[in-house]
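What follows is a short report on a single structure.
Residue numbers (the numbering used here): 449 to 580.
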């Protein structure tokens with residue numbers, strides 16, 4: 449029996465976002481699943497899978513993945529963190545559905561954006577976040 453395993457959604461989506469010109473223009477390749485230790489260069493984005501379930505086939509096995517990914521947009525200021533969310537949301541809204549090499553995205557929902565400075569930094573780093 450062959451066991452199908454779903455794609456690592458965090459890694460796939462972060463690579464896909466880095467390849468979008470509107471995102472690359474603002475952050476270069478600074479779209480991560482784990483933030484680098486040093487140096488921190490702003491702005492940058494971090495993707496974290498926060499929920500989701502595998503979708504089972506009627507015949508057995510895995511048919512897909514229903515993932516929820518939180519996207520943190522970090523900036524040097526509140527304004528720059530907030531500004532980064534717009535192109536991230538825009539390219540996802542306009543382009544993520546469809547077939548991308550080995551990944552098929554059937555649908556998505558973008559949650560409302562919140563401003564929530566990240567307290568793991570001293571001082572707390574400006575961060576705007578939403579989920580997909």
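All C-beta atoms, glycine included, are put in the ideal place defined by N, C-alpha and C.
### Proximity below 9 angstroms, CB of residue 468 to CB of residue 497
no
### Query
Is it true that the stretch 558 to 576 meets the stretch 521 to 534, where meeting means three or more beta-carbon pairs spaced less than 8 angstroms apart?
yes
### Message
Helix, strand or coil for residue 389? Go by DSSP, reduced to three states.
### Response
Because the chain here runs from 449 to 580, residue 389 falls outside it and cannot be looked at.
### Message
Using a Cβ-Cβ cutoff of less than 7 angstroms, which residues in the same chain neighbour residue 502 once the five nearest sequence positions on both sides are dropped?
### Response
454, 510 and 513
### Query
Assuming residue 470 contacts residue 551 under a Cβ cut-off of 8 angstroms, what Cβ separation, rounded to an integer in Å, is found between them?
With 8 angstroms as the limit, residue 470 and residue 551 do not qualify as a contact, their Cβ atoms being about 20 angstroms apart.
### Query
For residue 506, does the count of other Cβ atoms within 10 angstroms reach 16, so buried, or fall short, so exposed?
exposed
### Message
Give me the residue from 493, 504, 580 and 554 with the minimum Cα distance to residue 480.
### Response
493
### Task
Output yes or no for whether 9 angstroms exceeds the beta carbon distance between residue 477 and residue 466.
yes
### Task
Provide the residue(s) that pair with residue 514 in DSSP beta bridges, ordered along the chain.
501
### Task
Over the uninterrupted beta strand (DSSP E) stretch that includes residue 553, give me the two end residues.
551 to 553
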